[in-house]
Amino acid sequence: MASGVRLLLVVTVTVLLMACGGAPPQPRPVLAQRADAAALSANRATQAGNDEEAVELWRSALDLRQAVDDWPGAGEARLGLAQVQLRLRQPDAAARVLLGMPDEVLYPAALRARAAYQLALVAQGRSDEARAWLARANELCPAPCAIAVPLRNLGARLRLAAGDPAGALAIVNAPLSGDVAPVERAHAGRIRAEALGALGQVAQALTELESVVVLDRRLAEPAYLADDFSLQYRLALAIGDEGLAREAQTRLSAICAAAAVPACRRQ
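Each residue of the sequence shown is one higher than the one before, counting from 430 in our numbering.
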């Protein structure tokens, strides 16, 4: 009787294991786990603003992804590394990481487009080169393009830099489809405000900029807020509003005392 019960238990357990798909799944290979862990840590360091640490973690993730022939993962690591190097004011290093990536078909098209976009950002001071990379990014980005709005905003920014505020305004005023990330809405609004100011519509520019400041406060990004108050200061001076200019300068100075961001270096 006891042996019959034991046999029944063995059969029941066997049936349950078969129903659950058999043996438990094998763990991922060690190198793949290490690559995942490095990429996760790199992302966390990037989001926390620990840029020097993030550079080393992205390099580690890149080496590990390349070692196991993971081209999509290696592409993400290259993009992450270049983004942090740009924040560290190392544009030449960022360009070296990205060059060749837009033309390498082993990377997914979406990553190749993002690499071309980042190269356009690196080249913003060289307008012809920046426009060429922007055109390449638009060409590569598969529909629906995940970076369509950043590409559009950069195109408008390049028009502004080329002295064409009307062209920039036409780009950012074009209707958008789908959800737009708050950061890109803020970028578009800032470009719109700057273009309006350049066209002499300063009161409208200041109204637009107020909405941008609200968005950027929610984003809590010092670099964006510094850009906002730097522009607000210039617009206030343009219409002789000394009170607003003084307030904008005070806000900008407070940010610059706590954060090393591009707008502070331009003061």
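All C-beta atoms in this analysis are idealised placements derived from N, C-alpha and C, irrespective of residue type, glycine included.
If you're wondering where the values come from, they're calculated on a predicted model, not measured in any experiment.
| message | When you compare the CB positions of Y536 and P571, do they come within less than 9 Å of one another, or not? | response | no
| task | Evaluate G607 with the Cβ neighbour count: other Cβ atoms within 10 Å of its Cβ, from every protein chain shown; 16 or more gives buried, anything less gives exposed. | result | exposed
| query | If you draw a straight line from the alpha carbon of N472 to that of A483, how long is it in whole angstroms? | reply | 7 Å
| field | Element boundaries [alpha helix (DSSP H), containing I620] | value | P611 to A627
| request: Measure the Cβ-Cβ separation of I684 and P651 and say whether it is below 9 Å. | output: yes
| request: Can you say whether L460 is buried or exposed, counting buried as having 16 or more other CB atoms within 10 angstroms of its CB? | output: exposed
| task | Return the CA-CA distance between R614 and A677, expressed in angstroms with no decimal places. | result | 21 Å
| task | Answer with buried or exposed for T475, where buried requires no fewer than 16 other C-beta atoms within 10 angstroms of its C-beta. | result | buried
| query | How about L493 and A511: are their beta carbons less than 9 Å apart? | reply | no
| Are the Cβ atoms of A649 and A634 separated by less than 9 Å? | no
| message | Let me make sure I understand the geometry here. Which of V612, G592 and Y653 has the alpha-carbon closest to that of G626? | response | G592
| said: As a quick exercise: from L515, A624, M530 and G504, pick the residue whose alpha carbon is nearest that of L664. | reply: A624
| Is it the case that the Cβ atoms of F658 and R675 are separated by a distance below 9 Å? | no
| request: Taking the CB atoms as reference points, tell me whether L569 and Q547 lie closer together than 9 Å. | output: no
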